[in-house]
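Working notes, beginning with the structure itself.
Residue numbers (the working numbering), protein chains in the order written: chain D, 1 to 251; chain W, 252 to 553.
The structure is reproduced here in structure tokens:
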């Protein structure tokens, strides 16, 4: 589904991604972990065209998407959420999800001004279904800026799903959530991945990520230091060292 | 109707177009100090069409607004790559350039033994189509408000449609807008073109009401005012900039006691509002609240 080959990105002298080669299979929930600043979010940004790659290539479902503009990547079936929460604060919860449909390839330009009655009703019903599924239905008419943090994360997920993406990139979907909320979010992700949707999840919560993901990749200083099944990866000496420091790695 | 009142109301109507023009760009998050350029281009363009080429009024107005829209598009394509302050300065520079071009622009023809047409800094006299056609000031005021109503209806349709939502998305977060599969720059160019046409309608109406335009009318103060109207009145609805125009021309100008100090009071008002209500009186939160109240009230009537 997603493949990168020797993908690199430097910011001045800082190598945020160093020759990263990855392959995410269709329908897989793939975990991306690593200490802060290890390049996880940079990978999402390079894949979605926010930053151009310094070197290397990216393919999406067989088509090369290296250095396409963000809107072009998104229109090929990618959606993402943000670690630092980006929502349209001055719009209602409903409008935030509705907004994700404006750029759907199936929406003709004319419909931006003159909607087809039936098609528009169907799309609005889809927005309500997504709000229902993410537990936001009763807040649909609230301004999104006023939502508590866990609801804002769910809103980001609902908005990403409104594009019905083939590849869903989730950047710390349970960031700042309580254990119970985290569990609910994991269940939600499993649900949205069930119809064979490919998901890539960045998370620091190891319990969640090892239960959720079939495979993990661990980054450190922009390099891949381990990849494979959660149990094997999390007991890998390099991973322990990266997370816990040198002495703990030795112990 | 009292001639003074007709003239004040006509002024409010015409200035509303340029206020709405600046408002449309404010929705996309861009601060333009240069919408007076499109007002000017259409004032000259439509004036030339009716006074010199003998076109009918409506054709002249359409021509002026089209010219303004084209100019706005051409300016938007390079400048919208700039962001924030850089864009604002570029619009200001362009508008001053347009004004200085009109200072030297001379194009006159002889009609009935008299020279008619723009004459550099002496301006452009005798745009007399309206008076020659015996349209009264009151009737012309109705023309202004009829067109303003059409533009407002256009805004209401826009704001309910997905396109209006795209503009507001760009205003909040251009990168997040791109992440919804939308080319933010292309939509900003579209907004700038529409804003140019709207300012152009105002400019054409203005030239035919005053019958005389000169370059210095279209100075930066006009641009700053049109920007301030949206910021005072509010960015939550197209009625916001109209409220701003009403406050400035309708209220401040009519209070004779402060006549000499109007600009000072206006400037202070802008400064205070920017601090306590950065997105104006009718900001998004207020409009949202009013809409909910309105819906609930309608519901209660059923």
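Where is the CB? At the ideal position from N, CA and C, for every residue including glycine.
By the beta-carbon neighbour count (other beta carbons within 10 angstroms, threshold 16), residue 550/W is exposed.
Distance check between residue 15/D and each of 22/D, 6/D, 23/D places 6/D closest, using alpha-carbon atoms only.
Within the same chain, and ignoring the five residues on either side of residue 403/W in sequence, the residues whose Cβ sits closer than 7 Å to its Cβ are 489.
The beta carbon of residue 492/W lies closer than 6 Å to those of 270, 271, 274, 480, 481, 484 in the same chain, with the five residues before and after it left out. At least 8 Å separates the beta-carbon of residue 143/D from that of residue 158/D. When DSSP reads this structure, residue 370/W sits in a beta bridge with 357/W. Chain-order list of chain D residues neighbouring residue 434/W: 69, 71, by C-beta distance under 8 Å. About 7 Å separates the Cβ atoms of residue 464/W and residue 295/W, confirming a contact at the 8 Å cut-off.
Leaving aside the five residues that flank residue 517/W on each side, the residues in its chain whose CB is nearer than 7 Å to its CB run, in chain order, 499, 503. A straight line joining the alpha-carbon of residue 48/D with that of residue 266/W spans about 43 Å. Taken through DSSP and simplified to helix, strand or coil, residue 59/D comes out as strand. The alpha-carbon separation between residue 71/D and residue 426/W amounts to approximately 9 Å.
Contiguous alpha helix (DSSP H) elements confined to the region 270-301 of chain W occur at 287-298, taking only those with 4 or more residues. In the DSSP assignment, residue 8/D forms a beta bridge with 55/D. Secondary structure at residue 30/D: strand, using DSSP grouped into helix, strand and coil. At a cut-off of 8 Å between beta carbons, residue 111/D contacts chain W. The residues 31, 170, in chain order, have a CB closer than 6 Å to that of residue 201/D in the same chain once the five nearest residues on each side in sequence are set aside. Taking a C-beta cut-off of 7 Å against chain D, the contacting residues of the region 521-547 of chain W are 535, 536, 539, 543, listed in chain order. Close to residue 423/W, with beta-carbon spacing below 8 Å, are these residues of chain D in chain order: 88, 89, 90, 91. A straight line joining the alpha-carbon of residue 544/W with that of residue 141/D spans about 12 Å. One finds 426, 429, 430 in chain W with Cβ atoms closer than 9 Å to the Cβ of residue 50/D, taken in chain order. Segment contact: the region 60-79 of chain D against the region 374-393 of chain W, fewer than three CB-CB distances shorter than 8 Å; contact not assigned. Using a Cβ distance threshold of 8 Å, residue 292/W and residue 322/W count as a contacting pair. For residue 351/W against residue 359/W, the beta-carbon gap comes to about 19 Å, at or over 8 Å, which does not count as contact. Interface criterion not met: the Cβ of residue 172/D is under 8 Å from no Cβ in chain W. Taking each of 74/D, 17/D, 225/D in turn and checking the Cα distance to residue 55/D, the smallest one comes out for 17/D. For the pair residue 297/W and residue 285/W, the CB atoms are not nearer than the 8 Å cut-off. Among the bridge pairs identified by DSSP, residue 92/D is matched with 143/D.
Ranking 457/W, 437/W, 304/W by CA distance to the CA of residue 330/W puts 437/W first. When Cβ-Cβ separations below 8 Å define contact, residue 442/W makes no contact with chain D. Counted as a single uninterrupted DSSP element, the stretch harbouring residue 15/D is not any alpha helix (DSSP H) but the beta strand (DSSP E) occupying residues 14-24. Listed by position along chain D, the residues whose Cβ is nearer than 7 Å to that of residue 420/W are 88, 99. The beta carbon of residue 351/W does not come within 8 Å of any beta carbon belonging to chain D, so the residue lies off that interface. Across the structure, residue 4/D and residue 44/D are spaced so that their CA atoms are roughly 11 Å apart. Under the three-state reduction of DSSP output, residue 3/D falls in the strand class.
Look at residue 416/W: its C-beta is under 8 Å from a C-beta on chain D.
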